[in-house]
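K.L.:
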Amino acid sequence: MQITIQTFGAFRRFGRKIEILLAEQAAVTDIRKPLYLAVAKQSAEFDIEALIDSSRFATEERILAEDEMLLDGQLITILPPVSGG
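Using the working numbering, you'd call the opening residue of the sequence shown number 130 and step up by one each time.
1) According to DSSP, is Leu-164 part of a helix, a strand, or is it coil?
2) Where do the ends of the beta strand (DSSP E) carrying Glu-197 lie?
3) Give me whichever residues DSSP pairs with Leu-151 in a beta bridge.
4) May I ask you to list the residues that DSSP assigns as paired with Leu-208?
5) Grab me the residues of Met-198's own chain with a C-beta within less than 6 Å of its C-beta, minus the 5 sequence neighbours each way, in chain order.
6) May I ask you to report which of helix, strand or coil DSSP gives Thr-133?
7) So if DSSP puts Ala-156 in a beta bridge, which residue, or which two residues, is it bridged to?
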């Protein structure tokens, strides 16, 4: 199945959207490795794997649980950790 990941924050450098292919019956936790492989070549200046691991995924309505099943063609947003004051 194909998933579109909308990007914000530190992920925006990879484009506004990233398309990844997943096996059928994939859950949110299955997004991380294909996403890393899709952007790893462009991220030599910081630890993209750690950033992906500490990020959460959401739809327009809510943050998704790691074991939640995805739908083919679904639009997902990656929410990187933020800090500031």
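Note that the Cβ used here is the ideal one computed from N, Cα and C, for glycine as well. As the structure is a computational prediction, the values presented were derived from the model and not from experiment.
P.N.:
The short version:
1) Within the sequence shown, numbered from 1, the residue matching residue 164 stands at position 35. Reduced to three states, the DSSP call for Leu-164 is helix.
2) The residue labelled residue 197 in the question sits at position 68 within the sequence shown. For Glu-197, there is no enclosing beta strand (DSSP E), as DSSP marks it with neither H nor E.
3) Locating residue 151 in the sequence shown gives position 22, counting from the first residue. Answer is none; Leu-151 lacks a bridge partner.
4) Residue mapping note: residue 208 aligns to position 79 of the sequence shown, counting from 1. According to the DSSP secondary-structure assignment, Leu-208 is paired through a beta bridge with Arg-185.
5) Counted from its first residue, the sequence shown places residue 198 at position 69. Ala-156, listed in sequence order.
6) Locating residue 133 in the sequence shown gives position 4, where the first residue counts as 1. Here Thr-133 sits in strand by DSSP.
7) Looking up residue 156 in the sequence shown gives position 27. BP columns for Ala-156 point to Met-198.
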